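In the working numbering, the protein residues as written are 272 to 565.
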């Protein structure tokens, strides 16, 4: 068996094209152009690349974006002041605080400072609480991207046993809540595992849809996957590779080649869930702008 490759780049391009059309329509009807403020603290190369890619994707969709950068030694008070000023700035309908923050800063406090009406990352406790209750809200971007990959590829989670390996507040927990909702794209039976789960392979082999979000390179091998399963790899890990100009390459949490020989479908790394995360950020920013114009 050779797995079908679920190309996140192609799916995300479709979503961006749809968003560009909707953005133009919103501007034509209301004069409102969606705006995204990206907050970047420090000069971490990976974070800088992520923010740059997000802003570039916004530009493609007709969304105004601007990056606000603070030095690596910025204080919590300075970060709070910046978020407060962006909350009050009507040019920006969405605020993104790029994570992780430097270790001396409190990420939870920063997220909670964002106006829930501008929480386009879907990480504010109000957004996550509303999602858990099945109420309309901003969905966290990576879980929403996973859901859209499944739906747009013809793998509706409804009635399926989904096993998620990973319990982070950004991916694992909200993804479980999203997929179990009584709504389109939900109605799955969800099992959440993690690196300390006993007999993990026995559980992952039960999955119709297996989602890896552990942050551990190649942690899921072929022996942990049921033949014919749909495998979604959320992990993005750097591993040393002297043959590459940069000295490293990106791999997922799935041991790709052996698993791809066994699964029905699989997402690659890179080019899988990463682009979909950005596409869902664009959708959330567009939705925030619509709400402001209502």
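From the three backbone atoms N, C-alpha and C, an ideal C-beta is built for every residue, glycine too. Nothing here was measured: the structure is a model prediction, and the numbers come from that model.
- By the criterion of a C-beta distance shorter than 7 Å, residue 338 is surrounded in its chain by 309, 311, 322 and 326, once the five residues flanking it on both sides are discounted.
- Our two residues, residue 427 and residue 536, have alpha carbons roughly 13 Å apart in a direct line.
- Between residue 446 and residue 417, the C-beta spacing is below 8 Å.
- Residues 334, 335, 336, 337, 362, 363, 364, 365, 556 and 560 of the same chain have their beta carbon placed closer than 8 Å to that of residue 306, with the five preceding and five following residues left out of the count.
- For residue 502, the three-state secondary structure derived from DSSP is strand.
- Put simply, of 459, 503, 436 and 482 the residue whose alpha carbon is nearest the alpha carbon of residue 470 is 436.
- When secondary structure is reduced to three states using DSSP, residue 437 falls in the coil class, being assigned neither helix nor strand.
- In its chain, beyond the 5 residues on either side, 408, 410, 445, 448 and 449 have a beta carbon closer than 7 Å to the beta carbon of residue 402.
- Beta-bridge partners of residue 511 (DSSP): 519.
- Assignment of residue 487 by DSSP, reduced to helix, strand and coil, places it in the coil class.
- Excluding residues up to 5 positions away in sequence, 405 lie with their Cβ nearer than 7 Å to the Cβ of residue 453 in the same chain.
- When secondary structure is reduced to three states using DSSP, residue 376 falls in the coil class, being assigned neither helix nor strand.
- The beta-carbon distance between residue 526 and residue 499, rounded to whole angstroms, is 17 Å. This is too long to meet the 8 Å contact definition.
- In this structure residue 457 is not in contact with residue 373, their Cβ atoms being roughly 36 Å apart against a cut-off of 8 Å.
- It is roughly 27 Å from the alpha-carbon of residue 331 to the alpha-carbon of residue 523.
- Shown here, residue 290 sits in a helix according to DSSP, grouped into three states.
- Leaving aside the five residues that flank residue 358 on each side, the residues in its chain whose CB is nearer than 6 Å to its CB run, in chain order, 386.
- Residue 513 and residue 281 have their C-alpha atoms roughly 30 Å apart.
- With respect to the 8 Å criterion, residue 496 and residue 534 are classified as neighbours on the basis of their beta carbons.
- Under the three-state reduction of DSSP output, residue 482 falls in the strand class.
- Three or more Cβ pairs drawn from the segment 540-558 and the segment 283-296 lie within less than 8 Å of each other, which places the two stretches in contact.
- In this structure, 425 is the residue among 425, 520 and 507 with its C-alpha nearest to the C-alpha of residue 480.
- Taking the Cβ atoms as the reference, residue 482 lies roughly 4 Å from residue 503, within the contact range of under 8 Å.
- For the pair residue 277 and residue 543, the CB atoms are nearer than the 8 Å cut-off.
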